[in-house]
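Q: One structure, pasted below without further comment.
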Amino acid sequence: MPTLVIIGAQWGDEAKGKLVDVLGEQSDLVVRYSGGNNAGHTVIVGDEEYKFHLIPAGILHPNVTAILGSGMVVCPKGLLEEFDRTVAQRTFGPTDNSPWDEKTQRKLGELKISSAAHVVFPYHRMLDNLEEEARGANKIGTTSRGIGPAYQDKVARFGIRMGEFVRPEAFRTRLKEVLTYKNRLLEMFGSSPVDFTSLYDEYSAYAERLAPFVCDTEPIVQDAVAAGKRVLFEGAQGALLDLDSGTYPYVTSSHPVAGGACLGTGIGPRDIDSVLGVCKAYATRVGSGPFPTELHDDIGEWIRQHGKEFGTTTGRGRRCGWLDLVALRHSCRLNSLSGLVVTRLDILAGFDTVKVATGYRVGGESLNYVPAEADVFAQVEPVYETLPGWSGNLRTARKLEDLPSEARAYLDYMAEATGVPVAVVSVGPARDETIMVRPDLIWGGT
Ligand code: GDP
Ligand code: IMO
Ligand code: MG
Numbered sequence: 003m004p005t006l007v008i009i010g011a012q013w014g015d016e017a018k019g020k021l022v023d024v025l026g027e028q029s030d031l032v033v034r035y036s037g038g039n040n041a042g043h044t045v046i047v048g049d050e051e052y053k054f055h056l057i058p059a060g061i062l063h064p065n066v067t068a069i070l071g072s073g074m075v076v077c078p079k080g081l082l083e084e085f086d087r088t089v090a091q092r093t094f095g096p097t098d099n100s101p102w103d104e105k106t107q108r109k110l111g112e113l114k115i116s117s118a119a120h121v122v123f124p125y126h127r128m129l130d131n132l133e134e135e136a137r138g139a140n141k142i143g144t145t146s147r148g149i150g151p152a153y154q155d156k157v158a159r160f161g162i163r164m165g166e167f168v169r170p171e172a173f174r175t176r177l178k179e180v181l182t183y184k185n186r187l188l189e190m191f192g193s194s195p196v197d198f199t200s201l202y203d204e205y206s207a208y209a210e211r212l213a214p215f216v217c218d219t220e221p222i223v224q225d226a227v228a229a230g231k232r233v234l235f236e237g238a239q240g241a242l243l244d245l246d247s248g249t250y251p252y253v254t255s256s257h258p259v260a261g262g263a264c265l266g267t268g269i270g271p272r273d274i275d276s277v278l279g280v281c282k283a284y285a286t287r288v289g290s291g292p293f294p295t296e297l298h299d300d301i302g303e304w305i306r307q308h309g310k311e312f313g314t315t316t317g318r319g320r321r322c323g324w325l326d327l328v329a330l331r332h333s334c335r336l337n338s339l340s341g342l343v344v345t346r347l348d349i350l351a352g353f354d355t356v357k358v359a360t361g362y363r364v365g366g367e368s369l370n371y372v373p374a375e376a377d378v379f380a381q382v383e384p385v386y387e388t389l390p391g392w393s394g395n396l397r398t399a400r401k402l403e404d405l406p407s408e409a410r411a412y413l414d415y416m417a418e419a420t421g422v423p424v425a426v427v428s429v430g431p432a433r434d435e436t437i438m439v440r441p442d443l444i445w446g447g448t
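All residue numbers for the sequence shown refer to this note's numbering, where the first residue is 3 and numbers rise by one.
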C-alpha cells in the first residue's frame, strides 16, 4: 500500500509541483485533493516550463493517471485552457520520450475528474472581487479565482458539482435555481446580474468537452490503494493557509493539510503511508496575513529578485523572509510529516550568515508555538539564531557530500529543530537538480 501525500509546509509555492513531477515517474496515480486554479505548480522539463493550476503535476509521465479529486473546485474554462496549452506545449526532450498519440490524446485521455468536485462559475469570481472590496483594509489578497465563493456554495449545499454540470438537463435546472439567488446577491453589491442564457450556452460547451473525463473517481483511488499501486496525493497551497489550522482569516477556503487528502479523494487516514512536507530554505507568502520573519529590507528584496519570487498564478511579488522554524514545527505536527523536502537551498547561497527563527516573543513573554489568533500572531517578534552562510553554485550537487558543509549544517539544524528528517533536497528547478537523501522515507519504505 505505497501511498504518499506531498504537502506545502509553509504558505504555498514551496515547489510542490517539481516534487510531484519528480516522484510522478514512480507513481501510478497522481491525485489533487484540494483547492482549484488558485494553485500554480511549475514543472521544468528541459527547456520547457509547464504551469499547472488544476491538472495534477504528474500528468507528464506516461504511466500516470491524473485525477482531480472530489475536494477540488474546478473552473471549466481554466481547465480547458490548461488542457489545450499542455497538449500544444508537450515536447519530447531527452528526459521525456514517452509515446504520444495525437489522435487519441492517450496521455491526457487518462485525466479523470471527480463527479463530486464543485464547479467554479464567473459569478464566483465576481463575488470574490466584491467580497475583497468589502473587506477594505482587511482584505485577504485572494487570487481572484472565485475559490472562496465556490467553497461557500459547497458548504451551503448550494454548489453545482461536476456530475450535474455534464448532464445538460440537470445543469440547466440547477443553474436556473442558483443563478436567481446569485443575481440577488450581485445586485445587493451594486453589480449587474449575470444573464442565464449566455452563461448556460458558454458553459454547456465546456461541459460537453469535459464530460468524457468526469466519473466517480473515489472507487478508482480506493481500488488502486487496495491493489498496492503507488498513489501520490498532490497538495496545493500550504499548511499555514489551511482553513482551520492556518492564519485565519488570511487563509484559503480548503484543507491543504495532509488530512485533506482523505477528505478530498475518498481514502481513510490509515491508507496514508508517508507524508512529505515541502519547504523552502527561507520563507515566502503571497497576499495578506501575519508573517513574523518577513524582511522589509534589502535582503528581502534580494531574495525576491534573485529567487524570482513572483506568483505563478497572479504574478504578484511574494513577500520574503527568513526560515521560521516555529511555524515549520507547527506544520510538521499538523501533517505528521515523515520527511522534509527542502527546496531552493541554492537561492540562499552568498550570505556570510543566515538567520532562522527558533522562537517568538510577545508582550515580554516567550512563545514556542503559532498562536491561533491572527492578530496575536501578527504581533510576535521572532527570536533568531544566526548560522554560518554558504556560497557557490549548489545546482550541480547530486549528493549531500557535494554541498558546502555550512549548507549541510543548516539542513541538520532544520531536522533537529523540527524533529523531522530531511528526505529530499532541491538545488534547482530541473528534475535532476535533486538530492534523494532518504529514499526510504518516500513511499513508506516500500
Ligand atoms: P508550488 O506552487 O509549490 O508548486 O511552487 P511554484 O511552482 O509556485 O514555485 C516554485 C518555483 O521554484 C518554480 O518556479 C520552480 O520552477 C522553482 N524551483 C523548484 N525547486 C527549485 C530549487 O530547488 N531551486 C530553485 N532556484 N528554484 C526551484
Ligand atoms: P500553490 O498551490 C501561494 C493564497 C492567496 C491568498 C490566500 C487566499 O501554488 O502553492 P484564495 O484565492 O485561495 O482564496 O486566496 O491564499 N494562495 C496561495 N499562495 N500559493 C498558492 O498555491 C496559493 N493559493 C492561494 O495569495 O493569500
Ligand atoms: Mg505555486
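Here a beta-carbon is modelled for each residue, glycine too, at the ideal position from N, C-alpha and C.
1. Taking any heavy atom of ligand 4 as the mark, which residues have a C-beta closer than 5 Å to it, listed down the chain?
2. Quick one: give me the first and last residue of the beta strand (DSSP E) that Ala68 is part of.
3. Along the chain, where does the beta strand (DSSP E) that runs through Phe167 open and close?
4. Can you tell which of Trp13, Met416, Ile9, Leu25 has its C-alpha closest to the C-alpha of Arg232?
5. With a 10 Å radius around its C-beta and 16 neighbouring C-beta atoms as the bar for buried, classify Gly230 as buried or exposed.
6. For Leu82, does the three-state DSSP call read helix, strand or coil?
7. Grouping DSSP H, G and I as helix and E and B as strand, with all else coil, what is Gly138?
8. Counting only beta-carbon separations shorter than 9 Å, does Gly394 have a partner in chain C?
9. Is Trp445 closer than 9 Å to Leu243 when the C-beta atoms are compared?
10. Quick check: is any heavy atom of ligand 2 less than 8 Å from the C-beta of Gln28?
11. First and last residue of the alpha helix (DSSP H) that includes Val157?
12. So, with DSSP's three-state summary, where would you put Ile269?
13. Should Val429 be counted as a contact of ligand 1 given a C-beta to heavy atom distance under 8 Å?
14. Just reading off the beta strand (DSSP E) that Leu278 is part of, what are its end residues?
15. For Val223, report the span of its alpha helix (DSSP H) as first-last.
16. Taking the CB atoms as reference points, tell me whether Ala1 and Val32 lie closer together than 9 Å.
17. Quick check: what's the CA-CA separation for Pro96 versus Val47?
18. Taking the DSSP output, what are the residues bridged to Ser428?
19. What runs of the beta strand (DSSP E), each 3 residues or longer, lie entirely inside the region 292 to 332?
20. Would you call the region 263 to 278 and the region 403 to 420 touching, i.e. three or more CB-CB distances under 8 Å?
21. Over the uninterrupted beta strand (DSSP E) stretch that includes Ala359, give me the two end residues.
22. Quick one: residues in its chain with C-beta nearer than 7 Å to the C-beta of Gln28, no 5 flanking neighbours on either side, listed in chain order?
23. By how many angstroms is the C-alpha of Ile349 removed from the C-alpha of Ala283?
24. Alpha carbon to alpha carbon, how far is Arg163 from Thr219? Give it in angstroms, no decimals.
25. Would you grab the beta carbon distance between Asp347 and Trp324 for me? Rounded to a whole angstrom, and I think it's under 8 Å.
26. Mind checking Phe123: buried by the 16 CB within 10 Å criterion, or exposed?
27. Are there 16 or more other CB atoms within 10 angstroms of the CB of Gly365, so buried, or fewer, so exposed?
28. Where does Glu418 fall in DSSP's three states?
29. Following a CB-centred definition, is Glu435 positioned closer than 8 Å to any heavy atom of ligand 1?
A: Walking through what the data contain:
1. This structure lacks ligand 4; the ligands present are ligand 1, ligand 2 and ligand 3.
2. 67 to 70
3. Premise fails: Phe167 lies in the alpha helix (DSSP H), 164 to 167, not in any beta strand (DSSP E).
4. Leu25
5. exposed
6. helix
7. helix
8. Of the protein chains in this structure there is only one, and it is not chain C.
9. no
10. no
11. 149 to 157
12. coil
13. yes
14. 276 to 282
15. 220 to 228
16. Lying outside 3 to 448, the shown extent of the chain, residue 1 is not represented and no answer is given.
17. Model confidence at Pro96 stands at a pLDDT of 34, short of 50, so the residue's coordinates are unreliable; what they give is reported in the following sentence. Roughly 9 Å between the two C-alpha positions.
18. Thr436
19. 321 to 323
20. no
21. 355 to 364
22. Arg232
23. 8 Å
24. 13 Å
25. What sits at residue 347 in the sequence shown is Leu, not Asp. Their Cβ separation, rounded to whole angstroms, is 14 Å, which puts Leu347 and Trp324 out of contact at 8 Å.
26. buried
27. exposed
28. helix
29. yes
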